[in-house]
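Since the structure comes first, as structure tokens, the remarks are kept for the end.
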Amino acid sequence: MPQSGKKPPGKREARKIDRREAIVEVAKRQFLDNGYAATSMSAIAAELGGSKATLWSYFPNKEDLIAAVLDEATAAYRQQFADLLRPSKDMPSAVLQFTRSFMAKLTLPEPLRLHRLIVAESGRNPELGQLFFERAPGPTLAMLRDFMADGMASGQLRQADPQLAADALTSLCLGGMHRRILWGAPPPAPAAVETEARNVTDIFMAAFGPRP
1492 MPQSGKKPPG KREARKIDRR EAIVEVAKRQ FLDNGYAATS MSAIAAELGG SKATLWSYFP
1552 NKEDLIAAVL DEATAAYRQQ FADLLRPSKD MPSAVLQFTR SFMAKLTLPE PLRLHRLIVA
1612 ESGRNPELGQ LFFERAPGPT LAMLRDFMAD GMASGQLRQA DPQLAADALT SLCLGGMHRR
1672 ILWGAPPPAP AAVETEARNV TDIFMAAFGP RP
């Protein structure tokens, strides 16, 4: 059996990891149910059943805790998008794969609740919006920008500003269907998400595909 070279955590370290994960899960539920401003470290500690001192030993303040919640919520998506946004010889297919995955994530209940939380709280707490951008839209846009630059260099996209192309694609994904769900419309069926993803891809390629 191949060795990874990384020792598994000992019992004490494993308990710390489990405790940290439990804290993040409770905090996420509190933030989503009550909002960021109305959630206190005391309330999180009370639900966990431990002391505030124990909570503070893991997370010194609420900002660190919401950052951990956002990291946990977005880590898997970032990796999936990184896998999808590799240089491709079939740009329309690659754009569709990303768009399909991105829009499917946007319509899941938890990402929608997080999005609503950030929008609702950012006016009072601008730093919360910045934390969210640094962990979700920011990395995704950076990966998309590099992907667009590769497509332009290979002639599969017309020459343009890669950042503009990345912004355009994400804006198309965040319009229409996602906006309606964000405002309370029922979640769409998978077939509707697929149709929207194909429409977005067609519009994007019409705007940024190579000129004849």
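Note that this note's numbering has the sequence shown beginning at 1492, numbered continuously upward.
C-beta atoms are modelled at their ideal positions from N, C-alpha and C, and glycine is treated no differently.
Under the 10 Å beta carbon count, G1642 is surrounded by 16 or more other beta carbons and is classified as buried.
About 20 Å separates the beta carbon of A1627 from that of T1530, a gap too long to meet the 8 Å contact definition. When the five nearest sequence neighbours on each side are left out, the beta carbons in the same chain lying within less than 6 Å of the beta carbon of I1514 are those of Y1549, in order along the chain. Within a 10 Å sphere around the beta-carbon of P1703 sit fewer than 16 other beta-carbons, which makes this residue exposed. Within 10 angstroms of the beta-carbon of T1692 lie 16 or more other beta-carbons, which makes it buried. Unbroken alpha helix (DSSP H) stretches of 4 residues or longer found wholly inside the region 1501-1571: 1502-1525, 1532-1539 and 1543-1549, given in chain order. Assigned with DSSP and collapsed to three states, K1596 falls in helix. DSSP places D1641 in the helix class (H, G or I) of the three-state scheme. In the same chain as P1653, and ignoring 5 residues on each side of it, the C-beta atoms closer than 6 Å to its own belong to R1636, M1639 and A1640, in chain order.
Cα atoms of H1606 and R1577: separation of roughly 27 Å, rounded to the nearest angstrom. Counting along the chain, no alpha helix (DSSP H) covers N1616, and no H or E run does either. Apart from sequence neighbours up to five positions away, the residues of its chain that approach R1569 with a beta-carbon distance below 6 Å are P1630, ordered along the chain. Straight-line spacing of the CA atoms in L1603 and I1557 works out to 16 Å. Just so you know, the alpha carbons of D1509 and A1518 end up roughly 14 Å apart. Restricting attention to R1649, V1586 and M1634, the CA atom closest to the CA of N1690 is found in V1586.
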